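These notes are about the structure you will find just below.
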Amino acid sequence: MGVVYDYMLDEVRTDGGSGGSGGYPVPPCSNIRCLQQGETTVRIKWDDPEDLTVDGVALAEWGSTKLLRKAGDYPAGPDDGTLVVSNTVRGQYSANAFIDTLPDTSQQYFYRLFTITTAGVVNDDASQRFMPGAFTWATVADVVRSGEAADVFAVGDVLTVAHATYGEIEMEIAGFDQHTPVDAAKTHTMLLLAKNTIADLMFDAPELQYGVTADTVFNTSELLAINLKGASAVTTFKQEAAATGTARVWYSLNGQYKLYYSTSNKRWEIWSCNSGTHIASANYDYQSTAAAAPTGGVWSGGTTAVAAKAYYTFDGNEYALATVADGAAVLPDTYYEPNPNASRYSYGYNSWRESALRQWLNTDKGSGTWWQAQNIWDVAPGYANTLPGFLAGIADADFLAAIGPVKLTTARNTVCDCGGYDVTEDLVFLASRTEVFGDTNNSVAEGEKLGLYATADSTDRIKYNTAGTAKYWWLRSPYPGYADDVYLVHTTGTLYHSHAHTPYAVAPACVIC
């Protein structure tokens, strides 16, 4: 079942108290909040009354508050049932809950508070009676939206969310009213952050070195030159390196030929190679029209009619170019834009806004369907084809209705994103450097330090997987001096950073609002 909390007060009687005898009673307790944690632990908070004063005359002085528990029915008086606490410090349990351990989980227990004056007069008003109520996420949402979350819950309390893949995910309450909902009508929030990590995933995959600016999809490191006349000769050009001048992409065939796109000639050209020297020997001349469309041709998936495709001539043969990945035709006026940073196509991109991990956390779509390219160089991570979106595993409609998207500030790197920050709207997200460590990221405040880490030391920031192993866990914040590094929390609880394409642990966060 995991750890849950119950908001109790679903039955309150109003038949009044006897007021005792031999003097005036003080008022009853107020603002009673009761939470059940698991099956045996009950957390109870209440406000003790002030002294009874009329027109400046003290009629009764508060002396103590007694809390009694009874199986099967409410305690009838201060001597009926089990005395679980007698409090003589006013306000002792207003902020810090009294913890009661239930002796028998098969019993239904009832509670009652009694206020007692220094003269011994008891107020047994029935408004001080309460019992456990059923736990629902709708109830939690009501408490948060009413602005009472900090009175009912405490930072560090744990709620559980059932997930089809990751089981019972324990979510720690990490802060109150520290995030801005997208819905301006909502003014109160409660942040939940996974107590432990759920999976090891890359933040973002290594990108393409060159991205296409036309409609043709270029998601491969190889091109096919297809002999349309012979229908069987297939030449593969593999990506080698960027050329200088107007050349954008080089491809090689056994060290004898190189293929590149000339922006000045607006065409793909084949050059011969002699000891590494590129010597123009022939052009892949683009034929804009053809008297008779060529037939046949070997594509990546087999023999397919190429009719009406743009094609080229070389050595008396006619060729078409296609990508290896999907056989899409490469048009002669397709322009390939170089990636703005070499680290991005080697190690991934550190932008939270465009990250694969952000997409995964915020979708309920199935594997192979949820990932969408965020720029012309973007590449899907391997888990895009093996894992459904994170939200697909949550079936609790009340929980999904309780959480809401919030506005998040995240710094940008200074290498290819010019610094500054992004503001995104996310339902599920990762914590930021500011939220966990309290400092800014390249002078950008990425939110505010969470209540959970207000007085934390490094050991408080350590998270473990289900096997009990300390893990490096992702933050959403980029390491600003690089285009590929992202901040993490080290296994020692200190700040760390690493490549976006390295699989590290994920600790999702969301906001009740």
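Going by this note's numbering, the first residue of the sequence shown is number 1, and it counts up by one from there. Here a beta-carbon is modelled for each residue, glycine too, at the ideal position from N, C-alpha and C. Here the structure is a predicted model, which means the values were calculated and not measured.
{"Item": "Could you tell me whether the stretch 45–65 touches the stretch 138–146, using the rule of 3 or more Cβ pairs below 8 Å?", "Value": "no"}
{"Item": "Quick one: is residue 467 buried, meaning 16 or more other Cβ sit within 10 Å of its Cβ, or exposed?", "Value": "exposed"}
{"Item": "What does the alpha-carbon distance come out to for the pair residue 117 and residue 82?", "Value": "20 Å"}
{"Item": "Determine the burial state of residue 484: buried for a count of at least 16 other Cβ atoms within 10 Å of its Cβ, exposed for fewer.", "Value": "buried"}
{"Item": "DSSP on residue 86, reduced to helix/strand/coil?", "Value": "strand"}
{"Item": "DSSP on residue 345, reduced to helix/strand/coil?", "Value": "helix"}
{"Item": "Between which residues of its own chain and residue 204 is the CB-CB distance below 6 Å, once the five residues before and five after are set aside?", "Value": "348, 349, 355, 356, 500"}
{"Item": "Find the nearest neighbour of residue 52 within the set 146, 69, 26, judged by alpha-carbon distance.", "Value": "26"}
{"Item": "Quick one, which of 119, 451, 161, 452 has its alpha-carbon nearest residue 402's?", "Value": "161"}
{"Item": "Ends of the beta strand (DSSP E) at residue 142?", "Value": "Run containing residue 142: none in the beta strand (DSSP E); it sits in the alpha helix (DSSP H), 137–145."}
{"Item": "Where does residue 114 fall in DSSP's three states?", "Value": "strand"}
{"Item": "Go through its chain and collect everything with a Cβ distance to residue 473's Cβ below 8 Å, but skip five positions before and after it.", "Value": "197, 463, 488, 489, 504, 505, 506, 507"}
{"Item": "I need the straight-line Cα distance from residue 438 to residue 460, nearest angstrom please.", "Value": "14 Å"}
{"Item": "DSSP on residue 127, reduced to helix/strand/coil?", "Value": "helix"}
{"Item": "Return the Cβ separation of residue 115 and residue 65 in integer angstroms, given the expectation that the two are a contact with Cβ distance under 8 Å.", "Value": "5 Å"}
{"Item": "I'd like to confirm something about residue 88: is its beta-carbon nearer than 7 Å to some heavy atom of the ligand SAH, or not?", "Value": "No copy of the ligand SAH appears in this structure; indeed no ligand is present at all."}
{"Item": "In chain order, which beta strand (DSSP E) runs of at least 3 residues are fully inside the stretch 468–503?", "Value": "473–478, 485–489, 495–499"}
{"Item": "Just how far apart, CA to CA, sit residue 478 and residue 414?", "Value": "10 Å"}
{"Item": "What are the boundary residues of the beta strand (DSSP E) that residue 422 is part of?", "Value": "421–426"}
{"Item": "Tell me whether the beta-carbon of residue 515 lies closer than 8 Å to the beta-carbon of residue 387.", "Value": "Residue numbering for the chain in the displayed model covers 1 to 513; residue 515 lies beyond these limits and cannot be assessed."}
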